[in-house]
Amino acid sequence: MSDLDETAACLEALGNPTRLAMFRLLVRAGDAGKSVGEIQASLSIPASTLSHHLKHLELVGLVSRHREGTTHTCRADYDTMNWLLTFLTEECCADSSTRPKVPHRAHKLSA
Numbered sequence: 000m001s002d003l004d005e006t007a008a009c010l011e012a013l014g015n016p017t018r019l020a021m022f023r024l025l026v027r028a029g030d031a032g033k034s035v036g037e038i039q040a041s042l043s044i045p046a047s048t049l050s051h052h053l054k055h056l057e058l059v060g061l062v063s064r065h066r067e068g069t070t071h072t073c074r075a076d077y078d079t080m081n082w083l084l085t086f087l088t089e090e091c092c093a094d095s096s097t098r099p100k101v102p103h104r105a106h107k108l109s110a
């Protein structure tokens with residue numbers, strides 16, 4: 000699979016609001032991660048919905064799940080996240096003589 004294909008798959012997975020919320024929750028949790036039950040409670044979604052979305056994030060390598068006794072702990076994969084961010088930004092303005100102005104705060108997209 001090419002870098003473009005892998006990037007597209009990651010962005011597709013994060014393109015769903017529930018999966019994006021789940022991934023952000025896990026990123027905030029750090030290396031400790033969150034149990035499946037904690038994720039479910041935080042997002043107020045049924046277990047079947049959580050399982051469906053978690054599988055998508057696992058398939059593209061953004062999330063890993065580990066069993067510890069009877070608890071399944073999920074963690075963001077920071078290597079994959081950083082690879083994705085680098086891929087998206089490493090050639091920023093490479094063909095331009097000027098750099099874009101960087102706003103103090105990230106611009107929020109309007110719907």
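Per numbering that gives the first Met the number 0, residue 0 is the first one in the sequence shown, and the count goes up by one each step.
We put the CB at the ideal spot given by N, CA and C, even for glycine.
The structure presented is a predicted model; accordingly, all values stated were derived computationally and were not measured.
Just to confirm the assignment, what range does the alpha helix (DSSP H) spanning residue i have?
i	result
V35	35-42
Exposed or buried, what is residue i when buried is set at 16 or more other beta-carbons lying within 10 Å of its beta-carbon?
i	result
L10	exposed
M0	exposed
A93	exposed
L83	buried
L3	exposed
Have a look at the options and flag the residue whose alpha-carbon is nearest the alpha-carbon of residue i.
i	options	result
M80	L19, S1, M0	L19
A12	S34, V26, H52, V35	H52
G32	R98, E90, P99, T72	T72
E77	T97, L61, T69, T70	The sequence shown places Tyr at residue 77, not Glu. Selected option, being the one with the closest Cα: L61.
G36	F86, H55, T69, A8	T69
R74	T17, P45, R27, P99	R27
I44	T17, R23, A7, V59	T17
E5	S95, L87, L49	L87
A7	V59, D30, I38	V59
My understanding is that residue i touches residue j, with C-beta atoms under 8 angstroms, so please give their C-beta distance in whole angstroms.
i	j	result
E57	R66	With 8 angstroms as the limit, E57 and R66 do not qualify as a contact, their Cβ atoms being about 13 angstroms apart.
S41	L24	6 angstroms
For chain B, is any of its Cβ atoms less than 9 angstroms away from the one on residue i?
i	result
K54	The chain inventory of the structure shown lacks chain B, comprising one protein chain alone.
- Item | Residue ranges of each alpha helix (DSSP H) within the segment 15-97, 4 or longer | Runs of the alpha helix (DSSP H) spanning 4 or more residues and lying entirely within the segment 15-97 occur at 16-28, 35-42, 46-58, 77-88, in chain order.
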